[in-house]
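Novice: What follows is a structure written as structure tokens; I'll ask about it next.
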Amino acid sequence: MGRPVVAIVGRPNVGKSTLFNRLIGQRHAIVEDTPGITRDRLYGTFDWRGRDYVVIDTGGIVPDADDPLVRQARAQAELAMDEADIILFLTDAREGLSPLDEQIAELLRKSPKPVILVANKAESEQRQFSAAEFYALGLGEVHPMSATHGTGVADILDVIHQSLPACDWEEEPGDEAVRVAIVGRPNVGKSSLLNAILGQERVIVSPTPGTTRDAVDTTFERGNVKYVLVDTAGIRRTGKVQGTIEYYTMLRAHRAIDRCDVALLVVDASEGVVDGDARVGGLTQDAGKGCVIVVNKWDQVKGVQMHKYAQDVKAALPFLDYAPIAFCSALTGRGVDAVLDTAATVAQNHALRIPTGELNRTIAEAVDAHPYSQKGRELKIYYATMVKVKPPTIVLFVNNPQLVHFSYERYLLNSLRSAFGFVGTPIRLHFRRREDQDGANGR
Numbered sequence: 081m082g083r084p085v086v087a088i089v090g091r092p093n094v095g096k097s098t099l100f101n102r103l104i105g106q107r108h109a110i111v112e113d114t115p116g117i118t119r120d121r122l123y124g125t126f127d128w129r130g131r132d133y134v135v136i137d138t139g140g141i142v143p144d145a146d147d148p149l150v151r152q153a154r155a156q157a158e159l160a161m162d163e164a165d166i167i168l169f170l171t172d173a174r175e176g177l178s179p180l181d182e183q184i185a186e187l188l189r190k191s192p193k194p195v196i197l198v199a200n201k202a203e204s205e206q207r208q209f210s211a212a213e214f215y216a217l218g219l220g221e222v223h224p225m226s227a228t229h230g231t232g233v234a235d236i237l238d239v240i241h242q243s244l245p246a247c248d249w250e251e252e253p254g255d256e257a258v259r260v261a262i263v264g265r266p267n268v269g270k271s272s273l274l275n276a277i278l279g280q281e282r283v284i285v286s287p288t289p290g291t292t293r294d295a296v297d298t299t300f301e302r303g304n305v306k307y308v309l310v311d312t313a314g315i316r317r318t319g320k321v322q323g324t325i326e327y328y329t330m331l332r333a334h335r336a337i338d339r340c341d342v343a344l345l346v347v348d349a350s351e352g353v354v355d356g357d358a359r360v361g362g363l364t365q366d367a368g369k370g371c372v373i374v375v376n377k378w379d380q381v382k383g384v385q386m387h388k389y390a391q392d393v394k395a396a397l398p399f400l401d402y403a404p405i406a407f408c409s410a411l412t413g414r415g416v417d418a419v420l421d422t423a424a425t426v427a428q429n430h431a432l433r434i435p436t437g438e439l440n441r442t443i444a445e446a447v448d449a450h451p452y453s454q455k456g457r458e459l460k461i462y463y464a465t466m467v468k469v470k471p472p473t474i475v476l477f478v479n480n481p482q483l484v485h486f487s488y489e490r491y492l493l494n495s496l497r498s499a500f501g502f503v504g505t506p507i508r509l510h511f512r513r514r515e516d517q518d519g520a521n522g523r
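Each residue of the sequence shown is one higher than the one before, counting from 81 in the working numbering.
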């Protein structure tokens with residue numbers, strides 16, 4: 081369960097970002113820049129031979145640097161290595177072996193993670209031959225590659241693929257538990273909420289090792305519902321990391337969201353929604369996970385009506401307008417039961433499958449009520465089918481997908497929510513062309 085994580089490390093200007101961009105291709109970067117460092121910190125996703133991976137682009141490592149920003153970049157790279165399941169150590173075949181490479185290799189030899197040594201910028205046969213000097217680093221086989229031209233990249237990916245047994249990443253069969261991740265920016269009360277939940281529930285298995293090396297899952301039952309809180313070790317550990325807390329939090333949030341059904345996005349009621357909340361919330365949206373917005377520390381808010389506060393939260397997080405809001409105080413325990421009940425409801429909606437007949441009737445009624453045309457061309461929706469759940473994903477066969485304006489897609493989404501609920505879950509709509517009865521071109 082979850083995706084293996086690959087960290088790209090090395091000294092500055094060896095081509096780490098070039099390789100990162102080649103791996104993710106046209107896919108969207110998941111985490112944007114973190115302030116206060118010398119360059120953007122990104123991680124994204126790619127797939128190879130049927131397996132999905134998370135890849136982290138780290139900053140250049142300069143082990144003995146005095147510059148605080150460079151030291152912070154090194155700390156971030158070390159955190160990424162700690163999170164990774166496999167490490168790509170990039171060197172520069174054009175410049176050859178450097179003292180910095182040797183210092184970084186010394187750090188990597190202490191790591192229990194698999195390390196793949198890559199000699200980048202090896203575009204010519206001569207550079208591929210000269211890359212043999214990197215064997216002196218004592219990290220095993222040297223893999224020549226050119227991230228710019230793509231030469232040797234497939235071979236590197238095959239080495240990664242072969243280094244991670246497939247069984248470690250397969251879904252657990254027959255697991256019907258609601259998998260919940262508690263996520264949010266630092267100091268909003270994630271650990272307090274975790275303790276409040278576990279303090280009043282019967283813990284069945286605690287801790288259970290997760291699929292990543294240091295993740296810990298906690299399983300318990302409430303009523304007739306089985307819950308799994310994923311990566312509780314990450315929730316407890318976040319506070320001890322100094323200087324790179326935002327980066328570490330986003331990395332942890334991504335890993336936890338990747339493995340959950342429902343994310344509890346915790347915000348601090350005394351501070352309101354801020355940019356950090358939106359960034360973490362964006363991860364849940366991008367990953368297609370169910371979401372409950374948990375307004376914690378509600379006991380600290382005076383003179384504000386709950387419904388008015390909820391309106392402000394919705395206005396600040398418009399892309400999560402489908403997410404229910406649960407108010408609680410992890411300190412007093414008030415509202416914690418409702419948080420779990422809401423998570424269970426969202427999980428049901430996240431896995432909700434609509435029969436094809438009902439789905440098409442709803443779509444037809446929506447189109448009849450508000451037909452759509454663009455520049456005199458009418459959009460025709462022939463039929464729809466739900467192709468998957470978690471999240472609900474619907475394919476609509478139409479005469480021309482280019483006629484679908486985002487506002488009409490929004491209208492169809494709202495019609496589906498009105499008919500079927502889909503509380504707390506994103507819905508994916510995909511429009512495909514189908515040849516119509518009048519002979520329109522199709523594919």
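From the three backbone atoms N, C-alpha and C, an ideal C-beta is built for every residue, glycine too.
Which term fits N376, buried or exposed, when burial requires 16 or more other beta carbons within 10 angstroms of its beta carbon?
Specialist: buried
Novice: Quick check for students: name the residue ranges of the beta strand (DSSP E) that lie wholly in the region 474-517, counting only runs of 3 or more.
Specialist: Assignment of beta strand (DSSP E) within the region 474-517, counting only whole runs of 3 or more residues, yields 508-513 in chain order.
Novice: Taking all protein chains shown into account, do 16 or more other C-beta atoms lie within 10 angstroms of the C-beta of K460, making it buried, or fewer, making it exposed?
Specialist: buried
Novice: So H223 is in the beta strand (DSSP E); what residue range does that whole segment cover?
Specialist: V222 to P224
Novice: Classify G116 as buried or exposed, calling it buried when 16 or more other Cβ atoms lie within 10 Å of its own Cβ.
Specialist: Low per-residue confidence applies at G116: pLDDT is 31, beneath 50, and the placement is therefore not dependable, though the value from the model is reported in the following sentence. With fewer than 16 other Cβ atoms within 10 Å, it is exposed.
Novice: Using only the alpha-carbon positions, how far apart do A499 and R441 sit?
Specialist: 10 Å
Novice: Just the Cα atoms here: how many angstroms apart are D417 and H450?
Specialist: 41 Å
Novice: Tell me, which residues are paired with V260 by DSSP?
Specialist: DSSP output for V260 lists L309 and V342 as bridge partner(s).
Novice: Using only alpha-carbon positions, find the residue among I507, H430 and D165 that is nearest to F399.
Specialist: Checked all of I507, H430 and D165; the closest Cα to F399 is I507.
Novice: Between the alpha carbons of E213 and G230, how many angstroms are there, rounded?
Specialist: 22 Å
Novice: Taking Cβ to Cβ, would you say V258 is nearer than 8 Å to D341?
Specialist: yes
Novice: Which residue or residues does DSSP assign as beta-bridge partners of Y133?
Specialist: Note: Y133 sits in a beta bridge opposite F126.
Novice: Nearest by alpha-carbon distance to A424: which of I434, M225, M386 and A406 is it?
Specialist: A406
Novice: Using the Cβ count rule (16 or more neighbours within 10 Å means buried), how would you classify E301?
Specialist: exposed
Novice: Roughly how many angstroms lie between the CA atoms of L493 and Q385, to the nearest whole one?
Specialist: 30 Å
Novice: So, for A199: in the same chain, excluding its five sequence neighbours on each side, which residues have a beta-carbon less than 6 Å away from its beta-carbon?
Specialist: Correct list, in chain order: T171, A173, A211, F214, V222 and P224.
Novice: Measure the alpha-carbon distance for I136 versus L99 and round it to whole angstroms.
Specialist: 11 Å
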